[in-house]
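Read through the structure below, which is laid out as structure tokens, and then see the notes.
Next comes the structure, spelled out in structure tokens:
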């Protein structure tokens, strides 16, 4: 196929000044002229080409970040779904507690999973299992703040009463409120990561909220607690 002559290309671009804007991928292969005609035309051409090339690179970077974020969300969703299935498939209450405090940490790839339960004798004492902490009434509100269901903390000191002896492993944390009884004490599920930015305040909480609701409902059923 015969290519158009240079003059034909120039004429086409003059008649279609928006062509390069509509076809930004061409900007990556354009070489700006290096000679100045004394009227500043070359400088303007170079500026336009550089700008188009930067726009193309920016769009490609944004596209790559979007794909990476989508993959990360899919992985997180799969992990939460696996965690939920493990909770509801537990054969006994003790088995479910063990799943929460041991298996969830591995599934979600965090260093620590801890369950804190306020006790004022309305709720049976939790089994003496690793990761379970019986705490005084009011501890959940004191730690999370009243009326907050999920708290994400990055680069913040972790509480010993939440993570126990594993507190030294925690660099960021997710705290989930578990309202076991509307008229009684609360429970708290906490995940601690050794990565400072694994959990942070700007992070989405929909999946963690879903996990908290499932665990709350399941624990109520095992303990025969009213909603």
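In the numbering used here, the protein residues as written are -4 to 222. Idealized CB from N, CA, C, for every residue including glycine.
Decide if residue i is buried, meaning its Cβ has at least 16 other Cβ atoms within 10 Å, or exposed.
| i | result |
| --- | --- |
| residue 139 | buried |
| residue 167 | buried |
| residue 83 | exposed |
| residue 172 | buried |
| residue 9 | exposed |
| residue -2 | exposed |
| residue 4 | exposed |
| residue 12 | exposed |
| residue 14 | exposed |
| residue 1 | exposed |
| residue 137 | exposed |
| residue 193 | buried |
| residue 199 | exposed |
| residue 189 | exposed |
| residue 6 | exposed |
| residue 53 | exposed |
What distance in whole Å lies between the Cβ atoms of residue j and residue i, which are believed to be in contact at a cut-off of 8 Å?
| i | j | result |
| --- | --- | --- |
| residue 206 | residue 75 | 5 Å |
| residue 153 | residue 146 | Incorrect: roughly 12 Å between the Cβ atoms, too far for contact. |
| residue 111 | residue 128 | 5 Å |
| residue 186 | residue 103 | 6 Å |
| residue 134 | residue 113 | 6 Å |
| residue 109 | residue 97 | Not confirmed; about 11 Å, so no contact. |
Considering Cα atoms alone, identify which of the options is closest to residue i.
| i | options | result |
| --- | --- | --- |
| residue 175 | 152, 148, 210, 155 | 210 |
| residue 73 | 203, 213, 212, 218 | 203 |
| residue 132 | 183, 171, 10 | 183 |
| residue 196 | 186, 160, 148, 157 | 148 |
| residue 169 | 5, 49, 178, 201 | 201 |
| residue 220 | 99, 177, 134, 156 | 177 |
| residue 217 | 68, 78, 87 | 87 |
| residue 107 | 78, 157, 212 | 157 |
| residue 181 | 6, 144, 94, 191 | 144 |
Tell me whether residue i sits in a helix, a strand or coil according to DSSP, three-state version.
| i | result |
| --- | --- |
| residue 160 | helix |
| residue 193 | coil |
| residue 223 | Shown here, the chain extends from -4 to 222; a query on residue 223 therefore has no answer. |
| residue 81 | helix |
| residue 199 | coil |
| residue 172 | strand |
| residue 135 | helix |
| residue 186 | strand |
| residue 153 | coil |
| residue 147 | strand |
| residue 167 | strand |
Taking 6 Å as the line, does the beta carbon of residue i fall inside it for any heavy atom of the ligand NAP?
| i | result |
| --- | --- |
| residue 4 | No copy of the ligand NAP appears in this structure; indeed no ligand is present at all. |
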